[in-house]
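Presented below is the structure to which this report refers.
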Amino acid sequence: MSASTTTSTVARRAAALGGGSARSLAAGPSGAKAALAVEFAGLGRTFAPSAGTVASVAARPVLRDVSLTVRAGEVLAILGTSGCGKSTLLRIAGGLDSPSTGSVQIDGSPTTAFDTRCAVGFQEPRLLPWRTVAANVSLGLPRGTAREAGRARVAELLELVGLTAFAGHRPAAISGGMAQRTSLARALARNPGVLLLDEPFGALDALTRLKMQDLLLDVHAAAPTTVLLVTHDVDEALQLADRIILLGQEPATTDAGGTRADGNARAPGATTFGATIVQELTVPGNRPRDRGSAELAELRGRLLAGLGIDRHGDARGVASSTNIPHFPY
Amino acid sequence: MTETIAPNTAPAVRRPLTSRRSVRVVGGLLLPVLILIAWQLTTALGLVSISQLPSPAMVWIAAVDLFDRGELTLYVAISTQRVLIGFAIGAALGLAAGSLVGLSRAADVLLAPTLGAIRAVPSLAWVPLLIIWLKYGEESKITLVAIGAFFPVYTTVAQALRHVDRQLVEAGRAFGLRGVRLFTAVQLPAVIPSVISGLRLALAQAWLFLVAAELLGASMGLGFLLAISGTNGRIDRILLAIILLALLGKLTDAILGVFEKWAIRKWA
């Protein structure tokens, strides 16, 4: 796909999301930094017992021994149950938190506090209520951006996410989906080498979420940055990611087929030792993927099993375990 | 008591009457007018001796009399000036101290207990000390008014800054804001509505402290008028001073109220 078709697709998608004009963008998002690789090495994070708790409450390990290399330009989905530490992993990558053990390197150098090479899209839009949509997006511009260049970039990003018509609105006057698109535009304004998305579509309704996923794919195609996407939505991970890691409790209680080896329903999120990577799989095929693909359905079943969810395959006479091998075959 | 449910009134399709401007003005004036009528009646019918409660007309005559002597304007002007200067100084210091304590843990640990203790001192306790240190001049009154205005601002600002949405602050940091830039871009706008309600409290407190200062040591001003009329038994002038204080307090508060509305529209 050539650059011009990509951007016109983006504009069309954005327009379909509502509000934006269908004009195609003159150029793709300009000035994007090259995508950067991220490397986690033996990373662990333990939270000290918070003040006010009884003294006997021990420190709470959340993550341990996470080692992972994310290639430049790759979209990596981080799956896990609620409270398993996936957001913590993301926050550490962005320098919003620091690891207790191990290290994170971006492009070969350690992350700094609030690393300028990263941009974060939070689960909540976190927009400044007293600023307009455009002014909120401009918050993401790198320091020292010239006023004119900044204004042009903001306009370009608003076009990209289909919010040109809402540039002058306050966050309170737009819908949740629009607010989340504003938040995405703000993150993109930073020209990040690594885009960190923490369940960015989690609070949106199902249809808006699907549209936002397509928008994200188009944005990524137009400016191929490295994306770390935290989600609890298996389908979202399969639709968007090149690779999926599943965070959970060791010892690994899943076999290749996806059923729990011990067969009992111990909640994987009940952290006692800290979560680590229990599954890692490469999603086959190129994006955008067929949402109805049987192959993805199989992977979904496997991932759900890893999350402790029974796929209820028995209900239609299909064994819950499967013999489809891991990709690459 | 058993739980009772209010009868379900018909749903209001129109804008409620109580939100209309004219209704608010007339409604607000209703009670003062009623009080004035009742006052007039009690004095006219001789229910209360006019030596105890002068009639409204007598208070008006006292006002005209004082105005003709040039004292009324002077007293109102000097009192207003003391309040405004003291309020400005106290509010500015309160804003600075509140910001410091609200933003810095160290400042909170070091300053908050002392300031809390100073705040607990009743206003009148300062008067003798201020008079000895600063004499009967303007400084002593303005200082007392400033003390009065300082604490409401300090308390509300420190509290509000401590409760600024952490997620917004974190988002600000994540997008490279630090120090002064973070303060002006995120924290300050977030606390502006509370700062202004703090300012309104401070203004009310400023008038309170002004009267305390003027009652106990002044040669002019509304508080002085109260003190001297108390000694002379001029109840008409006492009532006049009380009415003027009510009007001035309400007027300055209304000005801040307009400012507050504007700021809330802009920042909240």
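Residue numbers (this note's numbering), protein chains in the order written: chain H, 235 to 563; chain X, 9 to 276.
Glycine included, C-beta positions come from ideal geometry on N, C-alpha and C.
None of these values were measured; they are calculated from a predicted model.
- The alpha-carbon of H/I340 is positioned some 29 angstroms away from that of H/L541.
- For H/V300, there are no C-beta contacts with chain X under 8 angstroms, since the nearest C-beta of that chain is about 21 angstroms from it.
- Per DSSP, the beta bridge partners of H/V304 are H/V272.
- The region 174 to 191 of chain X makes no contact with the region 95 to 106 of chain X, as fewer than three CB pairs between them are under 8 angstroms.
- Residues of the region 178 to 200 of chain X that bring their beta carbon within less than 7 angstroms of a beta carbon in chain H comprise E178, A179, R181, A182, F183, G184, V194 and P197, in sequence order.
- Non-local beta-carbon contacts of X/I155 in its own chain, meaning distances under 7 angstroms to residues more than five positions away in sequence, involve G98, W134 and F217 in chain order.
- At least one C-beta of chain X is nearer than 7 angstroms to the C-beta of H/V354.
- In the displayed model, H/S372 falls within a helix according to three-state DSSP.
- About 26 angstroms separates the Cβ atoms of H/A275 and H/Q357, ruling out a contact at the 8 angstroms cut-off.
- When the Cα atoms are used, H/L449 and H/A399 turn out to be separated by approximately 17 angstroms.
- The region 156 to 168 of chain X and the region 104 to 117 of chain X touch, with three or more beta-carbon pairs separated by less than 8 angstroms.
- Contact of X/Q175 with chain H by beta-carbon distance below 9 angstroms involves F356, E358 and R360.
- Between H/F348 and X/A182, the beta carbon gap of about 6 angstroms places them in contact (Cβ cut-off 8 angstroms).
- Counting the other CB atoms within 10 Å of its CB gives X/K269 a total below 16, which places it among the exposed residues.
- Rounded to whole angstroms, the Cβ separation of H/L277 and H/V338 is 6 angstroms, and the two are in contact under 8 angstroms.
- Following the DSSP letters along the chain, one finds H/A311 inside the beta strand (DSSP E) bounded by residues V309 to L313.
- Here H/A353 carries a strand assignment [DSSP, helix/strand/coil].
- Secondary structure note for H/V338: its beta strand (DSSP E) is the uninterrupted segment T335 to I340.
- Counted as a single uninterrupted DSSP element, the beta strand (DSSP E) harbouring H/D432 occupies residues V428 to D432.
- In the three-state DSSP reduction, H/I543 falls in the coil class, being neither helix nor strand.
- CA-CA distance, H/M412 to H/S332, rounds to 31 angstroms.
- Residue environment for X/I263: exposed (fewer than 16 other C-beta atoms within 10 angstroms of its C-beta).
- Here X/Q89 carries a helix assignment [DSSP, helix/strand/coil].
- Contact holds between the region 449 to 469 of chain H and the region 297 to 317 of chain H, because three or more Cβ pairs, one in each stretch, are under 8 angstroms apart.
- The beta-carbon of H/R381 is placed no less than 7 angstroms from the nearest beta-carbon of chain X.
- Taking each of X/R242, X/I243, X/S237 and X/L230 in turn and checking the Cα distance to X/G257, the smallest one comes out for X/L230.
- The beta carbon of H/F348 sits closer than 7 angstroms to some beta carbon of chain X.
- Between the region 203 to 218 of chain X and the region 62 to 70 of chain X, the count of Cβ pairs shorter than 8 angstroms is below three; the stretches do not touch.
- Of the candidates X/P201, X/A71 and X/F158, the residue whose Cα lies closest to the Cα of X/L248 is X/A71.
- Within the region 104 to 133 of chain X, the alpha helix (DSSP H) runs of at least 4 residues that lie entirely inside it are, in chain order, 113 to 127.
- Around the C-beta of X/F267, fewer than 16 other C-beta atoms lie within 10 Å, and the residue is accordingly described as exposed.
- X/V194 sits in a helix when the DSSP states are folded into three classes.
- Within chain X, the residues whose beta carbon sits less than 9 angstroms from that of H/G374 are F183 and G184, listed in sequence order.
- Using beta-carbon distances, X/W47 does not count as an interface residue toward chain H, since no partner is under 7 angstroms.
- Using a Cβ-Cβ cut-off of 7 angstroms, H/R377 is close to G184 of chain X, given in chain order.
- For H/R477, the uninterrupted beta strand (DSSP E) run begins and ends at R477 to G482, by DSSP.
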